[in-house]
Amino acid sequence: MKNTKGILLVIALTLVLLISSYVQFNYIQQLAESSGLPAKFKDYTDHFHFIIFIISFLFQIIILFFLIGYEVFLLYFTVYFFYKRMHYLKVYIQPVLLSNLITLILNLGINLLISPYIYDIQTLKQYALFSPVNYLIKPFMLCYFLSKKNIFPNTVLDWIKVGMVYVLFTYIPSILLLLIF
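Take 356 as the starting number for the sequence shown in my numbering and just add one per residue.
Written out as structure tokens, the structure reads:
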């Protein structure tokens with residue numbers, strides 16, 4: 356039964372990522388027009404719409420796969436560093452998958468609400484920098500799911516420690532990249 360839950364989480368995560376990719380891909384054409392990209396880009400995306408969408412989705416799946424692995428190892432080493440507790444890596448997979456699924460759903464909902472009002476790349480960067488889902492809600496979800504599995508103590512200080520390490524090693528590099536480019 357536990358294996359079924361993991362498979363269902365992976366299927367749900369893949370479906371939500373597919374929907375999210377579709378929404379993002381349709382939105383990027385509007386953003387490209389307002390950003391002054393050449394008309395050739397729009398013609399190219401219109402002509403090869405399905406192929407570009409599939410390639411984009413596959414890249415996002417690969418990135419998500421590596422992100423999940425990175426988060427599992429990061430949480431494993433964080434818990435070991437602070438609490439000297441060793442668990443199997445597979446114990447961390449379900450909380451990471453579940454938090455990624457919820458985060459993706461929240462980001463998709465926010466994207467559907469806010470994307471009609473974003474007309475340029477700079478506004479999109481500001482939205483990505485200041486969206487609380489990734490750097491505030493997701494770390495707390497991870498801490499909640501990990502504490503429910505008794506991986507680390509269920510206290511506010513422990514949640515803050517693990518959450519801060521998570522944000523430090525996942526979202527600070529992302530923010531720096533967005534600020535540079």
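Yeah, the Cβ is synthetic: ideal placement off N, Cα and C, and Gly gets one too. All values derive from a computational prediction rather than experimental measurement.
- Taking a C-beta distance under 9 Å as the contact criterion, GLU426 and TYR399 do not qualify as a contact pair.
- Between PHE437 and PHE507, the C-beta gap is smaller than 9 Å, which places the two residues in contact.
- If you compare the alpha carbons of ASN489, PHE412, LYS360 with that of PHE380, the shortest gap goes to PHE412.
- A Cβ-Cβ separation of about 5 Å places VAL517 in contact with CYS498 under the 8 Å criterion.
- Counting the other Cβ atoms within 10 Å of the Cβ of MET441 gives fewer than 16, which makes it exposed.
- If you check the CB distance, ILE492 and THR458 come in under 9 Å.
- Counting along the chain, VAL520 sits inside the alpha helix (DSSP H) bounded by residues 511-535.
- The beta carbons of TYR431 and LEU444 sit about 6 Å from each other, so the pair counts as a contact at 8 Å.
- ALA367 is not a Cβ neighbour of LEU501, given a cutoff of 9 Å.
- Going by beta carbons, LEU364 and GLN481 fall outside the 9 Å limit.
- Separation of the CB atoms of SER376 and PHE408 is rounded to 7 Å, and the pair is thereby assigned contact status at 8 Å.
- In this structure, SER454 is the residue among ILE476, ASP401, PRO471, SER454 with its C-alpha nearest to the C-alpha of LEU422.
- The Cβ atoms of LEU467 and VAL378 lie closer than 9 Å to each other.
- For VAL427, the uninterrupted alpha helix (DSSP H) segment begins and ends at 404-438.
- About 25 Å separates the beta carbon of LEU461 from that of VAL434, a gap too long to meet the 8 Å contact definition.
- For ILE406 and TYR472, the gap between their C-alpha atoms comes out near 27 Å.
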